[in-house]
Amino acid sequence: MGGHLRPAELHRVLKLIHCKGIWRDCGIALARMADLIADGHAPIDYARRRHLDYTDLLPDDEWQRIYRRADAPAIGIRTAVAARMFLYERMSGQPAARQSSRAAFKVFSFPRCLTPNLLAELEQHGLEFLVSQGVTDEPVTWDPPPGVFEGLSLPAPDFDSIDRTQLFELLRTAPERRSMSAVAAILGITNDVLYEHLSGDPLPPRPPDSQYLINAQGHHFRAAGEMLTRERLTAMYRDEGLSIREIANRTQLSRQTVRHLADEYRVRMRGRSRRDPINVDPDWVKAQYLSELRTFPDIAAEVGVSASGLARWARRNDIQRPGQGNHNHAATLNARRRARSAPPLLKSAMAEIGGWERLQRFTRVADFSSLDLAAKAIGTTPCTLSCQIGRLERETGGALIRRATRAQPMKLTEHGVAVRKAIMELDNVSAI
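All residue numbers for the sequence shown refer to the working numbering, where the first residue is 14 and numbers rise by one.
Have a look at this one:
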């Protein structure tokens with residue numbers, strides 16, 4: 014417990030919990046979370062996540078492309094450090110090293126700049142970064158299911174009570190610029206509650222006619238993109254042979270904006286070395302990824318490119334990852350691929366993430382006279398093990414064990430014996 018907290022801070026937090034009379038429910042909540050993680054339902058390995066090399070997370074040029082693509086306020090490159098720290102904290106689960114109070118203030122103020130599109134872009138970059146680090150089966154962030162804490166009296170912010178209309182007026186349309194602390198005070202909430210609320214559910218951008226959205230050259234990047242589309246820029250630059258200066262003069266845009274659009278559209282500039290190093294048939298990649306259930310790292314290894322580069326290339330070619338809520342795509346593909354060769358009795362169980370591990374754990378249960386003894390030997394709780402057995406019974410279509418009683422020890426049912434035999438036969442085949 015405690016993570017980044019110093020011993021004195023941890024002691025203060027524990028004392029506060031005890032004095033408020035909520036220690037029992039907090040203890041139950043922690044135990045439930047421990048069971049959830051031990052059961053393999055937490056999709057993130059936070060120990061591994063904390064030891065990743067974040068040196069290349071969100072470089073300045075990528076941040077520029079991200080905030081230009083999103084319907085975000087003109088926050089500019091100066092926010093790159095705060096954006097990196099914000100994304101690092103969301104991904105690693107621990108605070109960034111803030112060398113000064115000014116840096117801490119920038120991170121605290123960053124969510125006021127967030128929009129739904131900008132947050133989605135940051136999370137997409139986070140996924141691509143994880144792939145580049147060899148992590149292909151985890152989402153960027155994770156929250157435990159709400160049912161875990163059902164029936165417990167825990168201190169929690171009431172986000173539903175926040176007036177979103179008033180919050181939008183205070184942060185987006187008010188003529189005077191208020192600090193996050195001032196806005197929190199007006200709404201009657203704490204700074205931490207405001208930060209968490211905006212981090213997870215950011216406000217939409219200001220109306221398009223707002224001066225706050227106009228950049229230094231007098232042209233909002235998104236509006237410029239609507240005026241100078243990819244097709245129009247390509248036709249003017251390649252077909253008509255116009256220079257950047259001539260395109261800027263014709264469209265009344267600055268040369269810098271035209272170059273930014275060219276970078277965004279991946280239009281190769283004459284005399285520039287920017288190029289897309291991936292030369293492969295998009296239809297083939299799409300078939301391998303979506304039909305053959307191969308992961309980007311697997312495909313990238315065959316093509317001879319980096320996994321993160323292939324992920325970005327696939328996105329530009331409309332080869333999309335599964336929609337929101339299925340971030341464990343690689344793990345799902347691996348499970349379904351393994352289930353293809355499984356015997357019919359095990360197919361349903363093996364098609365789910367962690368299914369093979371649950372089946373292997375079940376084979377060990379038969380060696381014990383009770384679930385309590387089995388759980389202790391396996392290193393989990395009886396409640397967790399019982400839930401896993403119940404899930405396997407539903408997936409395999411029958412009862413697997415007869416619980417221990419005073420008169421007789423726990424033993425496998427006829428169905429359980431058949432399932433265990435199928436698991437062991439498959440395990441032997443896999444080992445050959």
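No residue lacks a Cβ here, since even glycine has one placed at the ideal position from N, Cα and C.
Which of helix, strand or coil DSSP assigns to residue i
| i | result |
| --- | --- |
| R325 | helix |
| R288 | Its pLDDT being 45, under 50, R288 is placed unreliably by the model, and nothing is read from it. |
| I414 | strand |
| L425 | strand |
| Q230 | Any answer about Q230 is weak, because its pLDDT of 38 lies below 50 and its placement is not dependable; what the coordinates show is given next. Reduced to three states, the DSSP call for Q230 is coil. |
| N204 | helix |
| M282 | coil |
| G317 | coil |
| I30 | helix |
| L255 | coil |
| Q107 | coil |
| E151 | coil |
| V293 | coil |
| Y101 | helix |
| Y67 | coil |
| L167 | coil |
| G367 | coil |
| A390 | helix |
| F381 | coil |
| A60 | helix |
| D73 | helix |
Nonlocal neighbours in the same chain, by C-beta distance under 7 Å from residue i, ignoring five residues either side
| i | result |
| --- | --- |
| L70 | R97, L100, Y101 and F142 |
| R243 | Y278 |
| L358 | T409, A431, V432 and A435 |
| A11 | The structure shown does not extend to residue 11, since the chain spans only 14 to 445, so no value can be given for it. |
| A95 | K119, V120 and F123 |
| I332 | P295, V298, K299 and Y302 |
| G367 | G53 |
Proximity of residue i and residue j at Cβ, strictly below 7 Å
| i | j | result |
| --- | --- | --- |
| R125 | L200 | no |
| I414 | M423 | yes |
| Q301 | I312 | yes |
| I260 | M249 | yes |
| R61 | S105 | no |
| S145 | S321 | yes |
| A412 | T394 | no |
| P129 | P56 | no |
| A42 | F162 | yes |
| D58 | S166 | no |
| V196 | P170 | no |
| L131 | A93 | no |
| L266 | A237 | yes |
Burial state of residue i (16 or more Cβ within 10 Å)
| i | result |
| --- | --- |
| F123 | buried |
| D294 | exposed |
| T68 | exposed |
| T149 | buried |
| V271 | buried |
| W297 | exposed |
| Q421 | exposed |
| R25 | exposed |
| T308 | buried |
| H31 | exposed |
| G40 | exposed |
| H273 | buried |
Same chain, Cβ closer than 6 Å to residue i, neighbours up to 5 away in sequence not counted
| i | result |
| --- | --- |
| S383 | A417 and M423 |
| T397 | D48, A51 and D52 |
| S212 | P124 |
| G403 | none |
| N330 | P295 |
Residue i Cβ short of 6 Å to the ligand SAM heavy atom set
| i | result |
| --- | --- |
| R243 | You won't find the ligand SAM in this model; it holds no ligand whatsoever. |
Chain-order list of residues whose beta-carbon lies under 8 Å from that of residue i (same chain, five-residue window excluded)
| i | result |
| --- | --- |
| R191 | L183, L184 and I199 |
| L405 | A362, R371, L372, F375, L413 and V432 |
- Could you tell me whether the region 71 to 85 touches the region 129 to 138, using the rule of 3 or more Cβ pairs below 8 Å? Touching, per the Cβ criterion.
- Evaluate the contact criterion for the region 167 to 183 versus the region 356 to 376: three or more CB pairs, one atom per stretch, below 8 Å. no
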